[in-house]
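Residue numbers (the working numbering): 25 to 193.
Cβ atoms here follow ideal geometry from the backbone N, Cα and C, with glycine treated the same way.
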């Protein structure tokens with residue numbers, strides 16, 4: 025077990041270190057605000073992220089597609105030339121959405137209200153070694169990261185049970 029930092033050592037430098045480890049760094053004002061909170065409250069302000077409201081809007085397309093099954097059936101029934109064109113269009117759409125998702129997540133990590141939650145989401149994303157090359161669908165990648173976000177510091181077994189329920193992850 026780690027020995028707690030002596031309160032006399034809590035300063036700008038140690039607060040900055042905490043923000044770097046439990047998040048993605050911070051501005052001098054954010055670091056100074058942590059110093060003023062004191063060590064225990066500063067740690068709690070990061071770790072107890074469920075208490076922090078998060079008004080971040082999801083990407084517009086990040087919702088179930090009720091017509092997905094119809095589109096897949098139409099793709100299967102299409103002629104070879106139509107199928108190639110439909111696949112080309114879908115690949116272009118997915119590339120655009122993946123780029124949007126990356127930017128959306130980077131903004132969330134850099135400026136979102138729950139830095140530790142995003143740090144843990146990134147950890148689990150890396151731990152399970154997923155990528156858009158494997159998943160190939162922005163919606164499913166978004167759903168996977170939402171699962172990591174929701175269970176970021178929760179029950180490991182629950183995460184392992186829920187993860188395979190997301191298609192292609």
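Where the alpha helix (DSSP H) through residue 147 begins and ends: One-based indexing of the chain shown puts residue 147 at position 123. First-last of the alpha helix (DSSP H) with residue 147: 139-151.
What first and last residue would you give for the alpha helix (DSSP H) that runs through residue 38? To locate residue 38, count along the chain shown from 1; it is residue 14. First-last of the alpha helix (DSSP H) with residue 38: 36-46.
Check residue 134 in the structure and name its three-state DSSP category. Within the chain shown, the letter at position 110 stands for residue 134. In the three-state reduction of the DSSP assignment, residue 134 falls in the helix class.
Three-state secondary structure (DSSP) at residue 193? As a working mapping, residue 193 is identified with position 169 in the chain shown. Since pLDDT at residue 193 reaches only 46, below the 50 mark, its modelled position is unreliable, and no value is offered.
If you follow the alpha helix (DSSP H) that residue 24 is part of, which residue opens it and which one closes it? Given a span of 25 to 193 for the chain in the structure shown, any question on residue 24 remains unanswerable.
According to DSSP, simplified to helix, strand and coil, what is residue 175? Taking the first residue of the chain shown as 1, we reach residue 175 at position 151. Here residue 175 carries a coil assignment [DSSP, helix/strand/coil].
Answer yes or no: do residue 203 and residue 125 have a C-beta to C-beta separation smaller than 8 Å? Nothing about residue 203 can be reported from this structure: the residues present for the chain run from 25 to 193 only.
As an exercise, report each continuous alpha helix (DSSP H) stretch of at least 4 residues that is fully enclosed by the region 55-104, in chain order. Runs found: 63-71 and 92-101.
7 Å CB neighbourhood of residue 110 in its chain, flanking five on each side removed: Here the question's residue 110 lines up with position 86 in the chain shown. So the list reads 99 and 102, once near-sequence residues are dropped.
Going by the CB atoms, is the gap between residue 78 and residue 196 shorter than 8 Å? In the structure as shown, the chain begins at 25 and stops at 193. Residue 196 is therefore absent and cannot be evaluated.
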